[in-house]
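Per this note's numbering, residue 3 is the first one in the sequence shown, and the count goes up by one each step.
C-beta: ideal position from N, C-alpha, C; glycine also.
Since this is a predicted model, take the numbers as computed values, not measurements.
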Amino acid sequence: GHPGVSSPAPGHPDIPTYRIISPLFPFPSPESSGIQNPPDSRKYVSSILAANSRLGNHLFELSSLYGISKKLNRTPTFFIQDSYHDQMIQDTDFLIPGLLDKFVVVNGTAPSTVTQIEFGMKCCMFEEPDRLKNITEQYLHLGGHHYHSWKYFPRLRSKLIRFLKVPTTNFPDLPKSEPGNYISCIHIRRTDFNGTGFHMAGNDFILNSIKKRKDSGSECDHRVFRGRFGNLRTVAFISKNTPPDDILYARYHCDAVLITSPHSTFGWWMGFLSKGNMVYYNDIKFTDDQSMVSGNFEPDDYFPPHWKPIRYGDVNNLTVVESLK
């Protein structure tokens, strides 16, 4: 087959950086002629993907698959098996082209000859990839999806930041992180969480979180929040960016990030890739989030250890305090 390039998605004028190969290469074809190509010695890893999800989930799946591939010394592989997968790869490439450059992208479905392995079957609980090291097959196809855990890519934050595209805007309508400006970014997610069982923060929690530790706390935290709430002018802005540009803005300008809906994957990535790498989140253990009840969610697998959980002081106290881990 010949390498090809997909056409950009509507509204994505950038030419994709990844190459798409035909579905019969590098995977073995029963129709192959008598003249064989030199044998392919590389080993591959791919996965079922929740391709009909949104950008935050895409980033988890592809970053985790990349991290797993490095641990197993395999090449990460992406199958464009339908329009959802096509849209997923275009949306992700639009934000983080360097990550897609690490993948073999195949225009087709995973061959039926490839064995599917049960791995990562619970969305938000880490499973140790080391257990896959003794599998010697050339093509490894994982049966899980989502892979919501920083533990799949524990030392790749700096590399993932380098993989991001350079912004095409200087964000003229938003403040800049520079000496004298301390930018706190608050991610609020409501509309598509309503009725899903995922927790949505109320207005009181959001406002009190912003006021948290105005007058107390460790020296570091006190300094952070004085920048926001001391005798300096505090101005609020509402982003009208596209989702990819919100991530890029966070990368260059968010000194601190507050995630009010703790299971928002988009908020997670705003925090993880943010300039300041200082993240506060609504402690999911004190919310009504259904993923905790179902046993599919392990907070320590989802939230990096240096992020700070916050919650109400108690039932009758709307002061927001830091949770003890």
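* So, Ser-66 versus His-143, is the Cβ gap smaller than 8 Å? -> Position 64 of the sequence shown, counting from 1, holds the residue named residue 66. Position 141 of the sequence shown, counting from 1, holds the residue named residue 143. Cβ distance not < 8 Å, so Ser-66 and His-143 don't count as in contact.
* Specify, as a first and last residue, the run of the alpha helix (DSSP H) that Ser-65 falls within. => The residue given as residue 65 occupies position 63 in the sequence shown. Its alpha helix (DSSP H) spans residues 57-74.
* Taking the runs of the alpha helix (DSSP H) that are 4 residues or longer, which of them lie wholly in the region 230-272? -> 245-255
* List the endpoints of the continuous beta strand (DSSP E) containing Thr-79. => By 1-based counting over the sequence shown, the position of residue 79 is 77. Judged by DSSP secondary structure, Thr-79 falls within the beta strand (DSSP E) whose first and last residues are 77-81.
* DSSP state of Phe-299 mapped onto helix, strand, coil -> The residue you call residue 299 lines up with position 297 of the sequence shown. Phe-299 falls in the strand class under three-state DSSP.
* Asked: What is the residue span of the alpha helix (DSSP H) that His-87 lies within?
  -> As a position in the sequence shown, residue 87 is number 85, starting the count at 1. Note, His-87: alpha helix (DSSP H), 85-97.
* Asked: Quick one: what does DSSP say Lys-287 is sitting in, helix, strand or coil?
  -> Your numbering for residue 287 matches position 285 in the sequence shown. Of the three classes helix, strand and coil, the one that applies to Lys-287 here is helix, per DSSP.
* Which of helix, strand or coil DSSP assigns to Gln-292 -> Start at 1 with the first residue of the sequence shown, and residue 292 comes out as number 290. Helix at Gln-292.
* Which value, in whole angstroms, describes the spacing of the CA atoms of Leu-101 and His-150? -> In the sequence shown, the residue the question calls residue 101 occupies position 99. In the sequence shown, the residue the question calls residue 150 occupies position 148. Answer to the nearest angstrom: the Cα atoms are 17 Å apart.
* Measure the beta-carbon distance from Met-123 to His-189 and round it to whole angstroms, keeping in mind my assumption that it falls under 8 Å. => Residue mapping note: residue 123 aligns to position 121 of the sequence shown, counting from 1. Residue mapping note: residue 189 aligns to position 187 of the sequence shown, counting from 1. Wrong, their Cβ atoms sit about 28 Å apart, outside the cutoff.
* Assigned exposure category for Phe-96 - 16 Cβ within 10 Å defines buried -> Mapped onto the sequence shown, residue 96 falls at position 94. Phe-96 comes out buried.
* Starting from Pro-311, follow its DSSP beta bridges and name the residues at the other end. => Locating residue 311 in the sequence shown gives position 309, counting from the first residue. According to DSSP, which records beta bridges pairwise, Pro-311 is partnered with Tyr-283.
* To do: Please go through the same chain and pick out, in chain order, the residues whose beta-carbon is closer than 8 Å to the beta-carbon of Ile-119, but skip the five residues on each side of it.
  => To locate residue 119, count along the sequence shown from 1; it is residue 117. Cβ neighbours of Ile-119 beyond the five flanking positions: Leu-134, Ile-137, Leu-142, His-143, Leu-144 and Gly-145.
* Roughly how many angstroms lie between the CA atoms of Asp-302 and Lys-72, to the nearest whole one? -> Here residue 302 refers to the residue found at position 300 of the sequence shown. Here residue 72 refers to the residue found at position 70 of the sequence shown. Their Cα atoms are separated by approximately 22 Å.
* To do: Please report the residue range of the alpha helix (DSSP H) in which Leu-162 lies.
  => Here residue 162 refers to the residue found at position 160 when the sequence shown is read from its first residue. Under the DSSP assignment, Leu-162 falls in the alpha helix (DSSP H) whose first and last residues are 159-165.
* Asked: In three-state DSSP terms, what is Leu-176?
  -> Along the sequence shown, read from residue 1 onward, the residue named residue 176 stands at position 174. Coil, per DSSP.
* Cβ neighbour criterion (16 or more within 10 Å) applied to Glu-139 -> Here residue 139 is taken as the residue at index 137 of the sequence shown, counted from 1. For Glu-139, the number of other beta carbons within 10 angstroms of its own is below 16, and it is reported as exposed.
* Any idea if Asn-54 is buried or exposed, counting beta-carbon neighbours within 10 angstroms, 16 or more meaning buried? -> The residue you call residue 54 lines up with position 52 of the sequence shown. The residue in question, Asn-54, is exposed, as its Cβ has fewer than 16 Cβ neighbours within 10 Å.
* To do: Tell me whether Leu-102 sits in a helix, a strand or coil according to DSSP, three-state version.
  => As a working note, residue 102 is residue 100 in the sequence shown. In this structure, Leu-102 counts as helix in the three-state DSSP scheme.
* **Whole-angstrom distance between Phe-274 and Arg-313, CA atom to CA atom** => Looking up residue 313 in the sequence shown gives position 311. Looking up residue 274 in the sequence shown gives position 272. Arg-313 and Phe-274: Cα-Cα distance of roughly 20 Å.
* Anticipated Cβ contact below 8 Å, Cys-187 with Asn-298, distance rounded -> Your numbering for residue 187 matches position 185 in the sequence shown. Your numbering for residue 298 matches position 296 in the sequence shown. Cys-187 to Asn-298, Cβ: 28 Å. No contact.
* Thinking just about the alpha-carbon of each residue, which of His-265, His-87, Phe-80 and Ser-85 is nearest to the one in Lys-104? -> Stepping through the sequence shown from its first residue, residue 104 is reached at position 102. Measuring C-alpha to C-alpha distances from Lys-104 to each of His-265, His-87, Phe-80 and Ser-85 identifies Phe-80 as the nearest.
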